[in-house]
Amino acid sequence: MPEIVAPFANHLPVRIRFGDGVALELPEIVVAAGAGSALVVIDEGLEELSPAVAAVVEALAASGVEVVRSPKGPGEPRAADVDRTAAALRESGAGIVAAIGGGSVIDTAKAARLCDQLGVEFAAFVDSEREFPPPRLPLVAMPTTAGTGSEVSGGAVISDDRTGTKLGIASPNLRADHALVDPVLTHSTPPATTAFSGVDAIAQAIAGMVARTRTPIGDAIALEAIRLGGRSLLAAYRDGADAAARSEMACASLLAGLTMNISDCAAEHSLGQAIGSRTGAPHGLTIGLVLAETLERERRFVPEQLERVADALGAPEDGSGDGSRAVAAVRGLLRELEFPLLASLELAEDDLDQLTELALADFFITQSPHPWSAAEVRAAFGEALGLTGR
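The opening position of the sequence shown corresponds to residue 54 in my numbering, with each subsequent residue numbered one higher.
Put into C-alpha coordinates, the structure is as follows:
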(Lines of atoms letter the chains of each structure in order from A and count residues from 1; the text may use other names and numbers.)
(Lines give C-alpha, C1' and ligand atoms only; values in the text may rest on other atoms or scores of the structure.)
Protein backbone atom coordinates (compact mmCIF):
# COMPACT_ATOMS: atom_id res chain seq x y z
CA MET A 1 0.00 0.00 0.00
CA PRO A 2 1.29 3.52 -0.75
CA GLU A 3 2.73 5.40 2.24
CA ILE A 4 3.64 9.03 2.89
CA VAL A 5 7.29 9.57 1.96
CA ALA A 6 9.25 10.52 5.07
CA PRO A 7 10.93 13.96 5.03
CA PHE A 8 14.59 14.05 4.00
CA ALA A 9 17.27 16.56 3.05
CA ASN A 10 20.53 16.29 1.16
CA HIS A 11 23.45 18.39 -0.05
CA LEU A 12 26.30 16.90 -2.09
CA PRO A 13 28.74 19.67 -3.01
CA VAL A 14 31.57 17.51 -4.40
CA ARG A 15 32.43 18.31 -8.03
CA ILE A 16 32.59 14.95 -9.82
CA ARG A 17 34.37 14.15 -13.06
CA PHE A 18 34.11 10.54 -14.21
CA GLY A 19 35.66 8.73 -17.14
CA ASP A 20 38.81 7.30 -18.65
CA GLY A 21 41.54 9.94 -18.64
CA VAL A 22 39.92 12.50 -16.31
CA ALA A 23 42.78 12.06 -13.82
CA LEU A 24 44.95 14.09 -16.17
CA GLU A 25 42.76 17.10 -15.36
CA LEU A 26 44.45 17.36 -11.95
CA PRO A 27 46.98 20.03 -13.05
CA GLU A 28 44.13 22.19 -14.36
CA ILE A 29 42.33 22.02 -11.00
CA VAL A 30 45.50 22.78 -9.02
CA VAL A 31 46.43 25.75 -11.20
CA ALA A 32 42.84 27.09 -11.09
CA ALA A 33 43.02 26.96 -7.29
CA GLY A 34 46.06 29.23 -7.41
CA ALA A 35 48.25 26.69 -5.63
CA GLY A 36 51.96 26.81 -6.35
CA SER A 37 52.55 23.53 -4.55
CA ALA A 38 50.45 20.43 -3.92
CA LEU A 39 50.73 17.80 -1.22
CA VAL A 40 50.16 14.47 -2.96
CA VAL A 41 49.04 11.83 -0.46
CA ILE A 42 49.65 8.55 -2.24
CA ASP A 43 49.91 4.83 -1.61
CA GLU A 44 53.56 3.96 -1.07
CA GLY A 45 55.06 2.47 -4.25
CA LEU A 46 51.95 3.13 -6.33
CA GLU A 47 53.76 5.19 -8.96
CA GLU A 48 56.03 2.23 -9.66
CA LEU A 49 53.11 -0.20 -9.90
CA SER A 50 50.73 1.93 -11.96
CA PRO A 51 51.86 3.71 -15.13
CA ALA A 52 48.57 5.64 -15.13
CA VAL A 53 49.21 7.04 -11.66
CA ALA A 54 52.81 7.89 -12.55
CA ALA A 55 51.56 9.80 -15.60
CA VAL A 56 49.23 11.89 -13.43
CA VAL A 57 51.98 12.91 -11.00
CA GLU A 58 54.35 13.64 -13.88
CA ALA A 59 51.72 15.82 -15.56
CA LEU A 60 51.23 17.77 -12.33
CA ALA A 61 54.97 18.39 -12.00
CA ALA A 62 55.23 19.36 -15.68
CA SER A 63 52.58 22.05 -15.15
CA GLY A 64 55.01 23.97 -12.94
CA VAL A 65 53.40 22.98 -9.66
CA GLU A 66 55.75 21.87 -6.89
CA VAL A 67 54.82 18.28 -6.02
CA VAL A 68 55.38 17.26 -2.39
CA ARG A 69 54.76 13.55 -1.90
CA SER A 70 53.42 12.14 1.35
CA PRO A 71 53.42 8.34 0.95
CA LYS A 72 51.06 6.25 3.06
CA GLY A 73 52.31 2.82 4.05
CA PRO A 74 50.35 -0.43 3.74
CA GLY A 75 47.33 -1.30 5.83
CA GLU A 76 44.27 0.47 7.11
CA PRO A 77 44.63 4.16 8.05
CA ARG A 78 45.94 4.81 11.54
CA ALA A 79 46.23 7.90 13.69
CA ALA A 80 49.99 7.88 13.07
CA ASP A 81 49.35 8.09 9.31
CA VAL A 82 47.09 11.08 9.83
CA ASP A 83 49.60 12.85 12.08
CA ARG A 84 52.46 12.21 9.67
CA THR A 85 50.43 13.53 6.73
CA ALA A 86 49.24 16.59 8.66
CA ALA A 87 52.86 17.37 9.56
CA ALA A 88 53.87 17.06 5.90
CA LEU A 89 51.07 19.41 4.91
CA ARG A 90 52.09 21.95 7.53
CA GLU A 91 55.78 21.80 6.63
CA SER A 92 55.20 21.95 2.87
CA GLY A 93 53.00 25.02 2.89
CA ALA A 94 51.04 23.40 0.06
CA GLY A 95 48.00 25.22 -1.25
CA ILE A 96 46.03 22.10 -2.15
CA VAL A 97 45.89 18.40 -1.25
CA ALA A 98 45.58 15.60 -3.80
CA ALA A 99 44.83 12.09 -2.51
CA ILE A 100 45.73 9.35 -5.01
CA GLY A 101 45.02 5.85 -3.77
CA GLY A 102 42.41 3.63 -2.20
CA GLY A 103 39.93 4.61 0.48
CA SER A 104 42.65 4.39 3.14
CA VAL A 105 44.67 7.11 1.43
CA ILE A 106 41.66 9.34 0.84
CA ASP A 107 40.46 8.93 4.45
CA THR A 108 43.97 9.75 5.68
CA ALA A 109 44.06 12.90 3.56
CA LYS A 110 40.63 14.03 4.79
CA ALA A 111 41.57 13.61 8.45
CA ALA A 112 45.03 15.14 7.96
CA ARG A 113 43.61 18.25 6.28
CA LEU A 114 41.27 18.66 9.23
CA CYS A 115 43.93 18.10 11.91
CA ASP A 116 46.37 20.45 10.19
CA GLN A 117 43.76 23.20 10.13
CA LEU A 118 42.89 22.66 13.80
CA GLY A 119 46.55 22.35 14.79
CA VAL A 120 46.03 19.09 16.69
CA GLU A 121 47.05 15.46 16.45
CA PHE A 122 44.32 12.97 15.64
CA ALA A 123 44.16 11.59 19.20
CA ALA A 124 43.57 15.09 20.55
CA PHE A 125 40.84 15.64 17.98
CA VAL A 126 39.13 12.39 19.01
CA ASP A 127 39.20 13.48 22.66
CA SER A 128 37.84 16.95 21.84
CA GLU A 129 34.35 18.15 21.00
CA ARG A 130 35.20 17.35 17.36
CA GLU A 131 34.75 20.59 15.48
CA PHE A 132 34.63 20.38 11.69
CA PRO A 133 35.28 23.90 10.38
CA PRO A 134 34.92 24.69 6.68
CA PRO A 135 38.20 23.53 5.14
CA ARG A 136 40.93 26.08 4.44
CA LEU A 137 42.53 24.07 1.63
CA PRO A 138 40.86 22.27 -1.29
CA LEU A 139 41.13 18.49 -1.54
CA VAL A 140 41.09 16.49 -4.77
CA ALA A 141 40.30 12.78 -4.32
CA MET A 142 41.40 10.33 -7.00
CA PRO A 143 40.51 6.70 -6.20
CA THR A 144 42.70 3.88 -7.49
CA THR A 145 40.39 1.15 -6.19
CA ALA A 146 36.66 0.65 -6.71
CA GLY A 147 35.39 0.27 -3.16
CA THR A 148 34.56 2.73 -0.42
CA GLY A 149 33.48 5.69 -2.54
CA SER A 150 35.44 7.83 -0.09
CA GLU A 151 36.03 10.33 -2.89
CA VAL A 152 32.47 11.60 -2.45
CA SER A 153 31.64 10.69 1.15
CA GLY A 154 31.83 12.91 4.21
CA GLY A 155 33.32 10.21 6.40
CA ALA A 156 36.67 8.73 7.30
CA VAL A 157 37.57 5.65 9.33
CA ILE A 158 40.84 5.84 11.27
CA SER A 159 42.28 3.41 13.83
CA ASP A 160 43.05 4.90 17.23
CA ASP A 161 46.62 3.79 17.95
CA ARG A 162 45.94 3.91 21.69
CA THR A 163 43.20 1.29 21.61
CA GLY A 164 43.38 -0.29 18.16
CA THR A 165 39.70 0.54 17.70
CA LYS A 166 38.45 1.85 14.38
CA LEU A 167 36.89 5.29 14.75
CA GLY A 168 34.51 6.80 12.25
CA ILE A 169 34.34 10.57 11.89
CA ALA A 170 31.87 12.33 9.61
CA SER A 171 30.91 15.81 8.51
CA PRO A 172 30.00 17.54 5.25
CA ASN A 173 33.18 19.56 5.80
CA LEU A 174 35.30 16.40 5.52
CA ARG A 175 34.29 15.88 1.90
CA ALA A 176 36.71 16.40 -0.94
CA ASP A 177 36.08 19.43 -3.13
CA HIS A 178 36.79 17.51 -6.34
CA ALA A 179 36.46 13.82 -7.19
CA LEU A 180 38.33 12.70 -10.31
CA VAL A 181 37.10 9.16 -10.83
CA ASP A 182 39.22 7.68 -13.60
CA PRO A 183 38.68 3.94 -14.11
CA VAL A 184 42.11 3.67 -15.76
CA LEU A 185 43.70 4.29 -12.35
CA THR A 186 42.13 1.04 -11.12
CA HIS A 187 43.52 -1.20 -13.87
CA SER A 188 46.60 -2.17 -11.83
CA THR A 189 44.61 -3.22 -8.75
CA PRO A 190 45.46 -6.85 -7.81
CA PRO A 191 42.64 -9.45 -7.90
CA ALA A 192 42.27 -9.83 -4.12
CA THR A 193 42.05 -6.08 -3.60
CA THR A 194 39.59 -5.86 -6.49
CA ALA A 195 37.40 -8.45 -4.77
CA PHE A 196 37.60 -6.94 -1.28
CA SER A 197 36.99 -3.35 -2.39
CA GLY A 198 34.27 -4.36 -4.84
CA VAL A 199 32.35 -6.28 -2.19
CA ASP A 200 32.61 -3.23 0.06
CA ALA A 201 31.01 -1.07 -2.64
CA ILE A 202 28.16 -3.53 -3.14
CA ALA A 203 27.72 -3.89 0.64
CA GLN A 204 27.48 -0.12 1.09
CA ALA A 205 24.84 0.11 -1.61
CA ILE A 206 22.83 -2.75 -0.11
CA ALA A 207 23.12 -1.16 3.34
CA GLY A 208 21.72 2.04 1.88
CA MET A 209 18.65 0.04 0.86
CA VAL A 210 18.02 -1.41 4.33
CA ALA A 211 19.16 1.36 6.70
CA ARG A 212 16.39 3.10 8.61
CA THR A 213 17.65 6.41 7.18
CA ARG A 214 17.08 5.28 3.58
CA THR A 215 15.47 7.73 1.15
CA PRO A 216 14.02 7.47 -2.38
CA ILE A 217 17.10 9.25 -3.79
CA GLY A 218 19.40 6.85 -1.96
CA ASP A 219 17.41 3.83 -3.17
CA ALA A 220 17.63 4.95 -6.79
CA ILE A 221 21.39 5.46 -6.65
CA ALA A 222 21.99 2.30 -4.60
CA LEU A 223 20.11 0.07 -7.02
CA GLU A 224 22.24 1.24 -9.94
CA ALA A 225 25.40 0.69 -7.88
CA ILE A 226 24.24 -2.85 -7.06
CA ARG A 227 23.32 -3.55 -10.68
CA LEU A 228 26.69 -2.38 -12.00
CA GLY A 229 28.68 -4.05 -9.24
CA GLY A 230 26.79 -7.31 -9.44
CA ARG A 231 27.32 -7.42 -13.19
CA SER A 232 31.00 -6.44 -13.38
CA LEU A 233 32.85 -7.37 -10.19
CA LEU A 234 33.58 -10.95 -11.22
CA ALA A 235 34.81 -9.82 -14.63
CA ALA A 236 37.14 -7.21 -13.11
CA TYR A 237 38.40 -9.79 -10.60
CA ARG A 238 39.14 -12.35 -13.31
CA ASP A 239 40.66 -9.91 -15.81
CA GLY A 240 42.02 -6.64 -14.46
CA ALA A 241 42.53 -5.37 -18.01
CA ASP A 242 38.79 -5.60 -18.79
CA ALA A 243 38.22 -1.87 -19.35
CA ALA A 244 34.42 -2.12 -19.39
CA ALA A 245 34.30 -4.05 -16.10
CA ARG A 246 36.75 -1.64 -14.47
CA SER A 247 34.66 1.30 -15.67
CA GLU A 248 31.42 -0.12 -14.29
CA MET A 249 33.07 -0.97 -10.97
CA ALA A 250 34.51 2.54 -10.64
CA CYS A 251 31.03 3.93 -11.29
CA ALA A 252 29.45 1.46 -8.84
CA SER A 253 31.91 2.54 -6.15
CA LEU A 254 31.19 6.22 -6.78
CA LEU A 255 27.45 5.60 -6.57
CA ALA A 256 27.85 3.53 -3.40
CA GLY A 257 29.74 6.43 -1.82
CA LEU A 258 26.91 8.77 -2.73
CA THR A 259 24.43 6.28 -1.29
CA MET A 260 26.27 6.30 2.03
CA ASN A 261 26.03 10.11 2.12
CA ILE A 262 22.31 10.03 1.42
CA SER A 263 21.39 6.99 3.52
CA ASP A 264 23.87 5.14 5.76
CA CYS A 265 25.59 1.86 6.39
CA ALA A 266 24.16 -0.70 8.79
CA ALA A 267 25.10 -3.71 10.90
CA GLU A 268 27.40 -5.28 8.30
CA HIS A 269 29.82 -2.37 8.76
CA SER A 270 29.72 -2.54 12.55
CA LEU A 271 30.45 -6.26 12.58
CA GLY A 272 33.07 -5.88 9.87
CA GLN A 273 34.82 -3.02 11.63
CA ALA A 274 34.88 -5.03 14.85
CA ILE A 275 36.79 -7.73 12.97
CA GLY A 276 39.08 -5.07 11.51
CA SER A 277 39.81 -3.58 14.93
CA ARG A 278 40.63 -7.03 16.27
CA THR A 279 42.75 -8.27 13.34
CA GLY A 280 43.84 -5.32 11.19
CA ALA A 281 42.44 -7.11 8.12
CA PRO A 282 41.46 -5.02 5.07
CA HIS A 283 38.15 -3.20 5.39
CA GLY A 284 36.42 -4.75 2.38
CA LEU A 285 37.48 -8.23 3.46
CA THR A 286 35.99 -7.82 6.92
CA ILE A 287 32.69 -6.51 5.53
CA GLY A 288 32.39 -9.44 3.13
CA LEU A 289 33.03 -11.95 5.90
CA VAL A 290 29.76 -11.02 7.64
CA LEU A 291 27.65 -9.53 4.83
CA ALA A 292 25.44 -12.55 4.15
CA GLU A 293 25.01 -13.29 7.86
CA THR A 294 23.81 -9.77 8.63
CA LEU A 295 21.50 -9.68 5.61
CA GLU A 296 19.98 -13.00 6.68
CA ARG A 297 18.81 -11.24 9.82
CA GLU A 298 17.89 -7.87 8.18
CA ARG A 299 15.61 -9.52 5.61
CA ARG A 300 13.11 -10.34 8.37
CA PHE A 301 12.42 -6.61 8.75
CA VAL A 302 12.78 -5.23 5.20
CA PRO A 303 12.07 -8.16 2.86
CA GLU A 304 10.65 -5.88 0.18
CA GLN A 305 13.89 -3.88 0.03
CA LEU A 306 16.01 -6.99 -0.26
CA GLU A 307 13.73 -8.26 -3.02
CA ARG A 308 14.69 -5.11 -4.95
CA VAL A 309 18.35 -5.84 -4.18
CA ALA A 310 17.91 -9.38 -5.50
CA ASP A 311 16.45 -8.05 -8.74
CA ALA A 312 19.35 -5.62 -9.13
CA LEU A 313 21.80 -8.49 -8.62
CA GLY A 314 20.03 -10.46 -11.34
CA ALA A 315 18.83 -13.21 -9.01
CA PRO A 316 16.18 -15.48 -10.56
CA GLU A 317 12.64 -15.09 -9.23
CA ASP A 318 11.53 -17.91 -6.93
CA GLY A 319 8.22 -16.58 -5.61
CA SER A 320 9.42 -16.41 -2.00
CA GLY A 321 9.16 -12.63 -1.63
CA ASP A 322 11.12 -12.77 1.63
CA GLY A 323 14.51 -11.38 0.56
CA SER A 324 16.23 -14.75 0.70
CA ARG A 325 17.14 -14.43 -2.99
CA ALA A 326 19.40 -11.48 -2.15
CA VAL A 327 21.20 -13.41 0.57
CA ALA A 328 21.71 -16.37 -1.76
CA ALA A 329 23.00 -14.07 -4.51
CA VAL A 330 25.51 -12.49 -2.13
CA ARG A 331 26.70 -15.90 -0.97
CA GLY A 332 27.10 -16.98 -4.58
CA LEU A 333 29.12 -13.89 -5.46
CA LEU A 334 31.44 -14.38 -2.48
CA ARG A 335 31.94 -17.99 -3.52
CA GLU A 336 32.82 -17.01 -7.10
CA LEU A 337 35.29 -14.45 -5.75
CA GLU A 338 36.94 -17.18 -3.66
CA PHE A 339 36.36 -15.00 -0.63
CA PRO A 340 38.17 -16.09 2.55
CA LEU A 341 36.35 -17.33 5.64
CA LEU A 342 36.32 -15.68 9.07
CA ALA A 343 38.22 -18.62 10.56
CA SER A 344 41.13 -17.81 8.22
CA LEU A 345 41.83 -14.71 10.34
CA GLU A 346 42.66 -16.99 13.28
CA LEU A 347 39.64 -15.91 15.28
CA ALA A 348 37.92 -18.43 17.50
CA GLU A 349 34.80 -18.77 19.62
CA ASP A 350 36.69 -17.20 22.52
CA ASP A 351 36.80 -13.95 20.54
CA LEU A 352 33.04 -13.69 20.00
CA ASP A 353 32.26 -11.75 23.18
CA GLN A 354 34.83 -9.07 22.40
CA LEU A 355 33.72 -8.85 18.77
CA THR A 356 30.11 -8.49 19.91
CA GLU A 357 31.01 -5.71 22.33
CA LEU A 358 32.92 -3.82 19.64
CA ALA A 359 30.11 -4.18 17.10
CA LEU A 360 27.42 -2.98 19.50
CA ALA A 361 29.52 0.08 20.39
CA ASP A 362 29.70 1.12 16.73
CA PHE A 363 27.37 3.74 15.25
CA PHE A 364 26.34 1.95 12.08
CA ILE A 365 24.52 -0.89 13.82
CA THR A 366 22.07 1.70 15.16
CA GLN A 367 21.07 2.42 11.57
CA SER A 368 19.79 -1.11 10.92
CA PRO A 369 16.04 -1.36 10.32
CA HIS A 370 15.48 -2.98 13.72
CA PRO A 371 17.68 -2.93 16.87
CA TRP A 372 20.15 -5.80 17.22
CA SER A 373 20.48 -7.67 20.51
CA ALA A 374 23.84 -8.86 21.80
CA ALA A 375 22.66 -12.43 21.25
CA GLU A 376 21.87 -11.72 17.59
CA VAL A 377 25.26 -10.10 16.99
CA ARG A 378 27.07 -12.98 18.65
CA ALA A 379 25.05 -15.47 16.62
CA ALA A 380 25.92 -13.70 13.35
CA PHE A 381 29.61 -13.80 14.22
CA GLY A 382 29.24 -17.44 15.21
CA GLU A 383 27.58 -18.34 11.92
CA ALA A 384 30.36 -16.63 9.97
CA LEU A 385 33.01 -18.32 12.09
CA GLY A 386 31.38 -21.72 11.63
CA LEU A 387 31.48 -21.63 7.83
CA THR A 388 33.71 -24.29 6.32
CA GLY A 389 32.93 -23.27 2.74
CA ARG A 390 30.77 -20.94 0.71
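C-beta atoms are modelled at their ideal positions from N, C-alpha and C, and glycine is treated no differently.
Candidates the options: closest to residue i by CA position
i: Phe185; options: Thr201, Gly208, Thr197 and Ala194; result: Gly208
i: Ala86; options: Ile270, Ala437, Val118 and His322; result: Val118
i: Val263; options: Ile270, Ser224, Ser316 and Ser212; result: Ser316
i: Ala363; options: Gly282, Leu167 and Phe249; result: Gly282
i: Gly435; options: Leu227, Thr347, Ala382 and Glu357; result: Thr347
i: Gly367; options: Pro244, Ala62 and Arg378; result: Arg378
i: Asp375; options: Arg183, Val121, Val83 and Phe354; result: Phe354
i: Gly148; options: Pro243, Phe175, Pro127 and Pro188; result: Pro188
i: Ala381; options: Ala414, Gly293 and Leu344; result: Leu344
i: Leu398; options: Cys168, Ile328 and Pro124; result: Ile328
i: Ile159; options: Ala433, Val135, Pro369 and Gln326; result: Val135
i: Pro127; options: Val106, Ile95 and Phe178; result: Ile95
i: Ala199; options: Ser123, Ala309 and Arg431; result: Ala309
i: Leu440; options: Arg166, Pro191, Glu429 and Glu402; result: Glu402
i: Val179; options: Asp214, Leu142 and Pro191; result: Asp214
i: Glu349; options: Ile259, Ile69 and Glu56; result: Ile259
i: Ile340; options: Arg183, His231, Leu190 and Ala437; result: Ala437
i: Gly202; options: Gly155, Glu391 and Glu351; result: Gly155
i: Ala59; options: Gln170, Leu238 and Arg267; result: Arg267
i: Leu338; options: Leu238, Asp253 and Cys318; result: Asp253
i: Ala298; options: His240, Glu351 and Ser250; result: His240
i: Leu390; options: Glu410, Asp406, Gly442 and Ser426; result: Gly442
i: Gln358; options: Ala245, Pro424 and Gly261; result: Gly261
i: Glu204; options: Leu342, Ala62, Pro191 and His231; result: His231
i: Leu287; options: Asn314, Gly251 and Asp272; result: Gly251
i: Ser103; options: Pro269, Ile153, Leu342 and Pro55; result: Ile153
i: Ser157; options: Phe61, Gly333, Ile69 and Arg183; result: Gly333
Residue i burial status per 10 Å Cβ neighbour count (16 or more: buried)
i: Ala289; result: buried
i: Pro422; result: buried
i: Ala139; result: buried
i: Ser373; result: exposed
i: Ala248; result: buried
i: His64; result: exposed
i: Thr216; result: exposed
i: Thr197; result: buried
i: Leu400; result: buried
i: Gly325; result: buried
i: Glu81; result: exposed
i: Glu370; result: exposed
i: Arg291; result: exposed
i: Ile57; result: exposed
i: Leu387; result: buried
i: Ser285; result: buried
i: Arg166; result: buried
Residues of its chain near residue i, where Cβ-Cβ distance is below 8 Å and the 5 sequence neighbours each way are ignored
i: Leu79; result: Val109, Ala112, Leu113, Ala151, Val193, Met195 and Leu233
i: Val75; result: Leu233, Val234 and Asp235
i: Phe416; result: Gly221 and Ser323
i: Glu97; result: Pro124, Lys125, Gly126 and Pro127
i: Pro243; result: Gly293
i: Ala105; result: Ala76, Asp235, Val237, Leu238, His240 and Ser241
Residues that residue i bridges to, as DSSP identifies them
i: Val193; result: Ala151 and His231
i: Asp96; result: Lys125
i: Ala33; result: Nothing in the structure corresponds to residue 33, since the chain is present only between 54 and 443.
i: Ser90; result: Glu119
i: Ile255; result: BP columns for Ile255 are empty, so no partner.
i: Phe71; result: Val234
i: Arg131; result: Ser212
Own chain residues within Cβ distance below 6 Å of residue i, not counting five before or after
i: Lys163; result: Ala209 and Leu227
i: Val83; result: Ala91, Val118 and Ile149
i: Ala365; result: Leu276, Ile279 and Arg280
i: Pro356; result: Asp375 and Gly376
i: Arg131; result: Ser212 and Asp214
i: Arg352; result: Leu359 and Gly376
Contact set for residue i: own chain, Cβ-Cβ below 7 Å, skip 5 residues either direction
i: Val120; result: Ala91, Val93, Val110, Leu113 and Ala114
i: Leu408; result: Ala327, Ile328, Arg331 and Phe434
i: Ser145; result: Ser90, Leu92 and Val121
i: Phe71; result: Val234, Cys304 and Leu307
i: Ala412; result: Ser323, Leu324, Ala327, Ile418 and Val430
i: Gln170; result: Pro186, Pro188 and Arg189
Short CB-CB distance (under 8 Å) between residue i and chain D
i: Ala152; result: Structure shown: chain D not included; a single protein chain is present.
Give, in chain order, every unbroken run of the alpha helix (DSSP H) that is at least 4 residues long and sits entirely within the region 246-304. Counting only unbroken stretches of 4 or more residues, the alpha helix (DSSP H) elements lying wholly within the region 246-304 are 269-291, in sequence order.
What are the uninterrupted segments assigned as alpha helix (DSSP H) that are 4 or more residues long and contained completely in the region 311-378, given in chain order? You should have 320-332, 336-351 and 356-365.
Beta strand (DSSP E) segments (min. 3 residues) lying fully within the region 398-438: Taken in chain order, the region 398-438 contains no complete beta strand (DSSP E) segment of 3 residues or longer.
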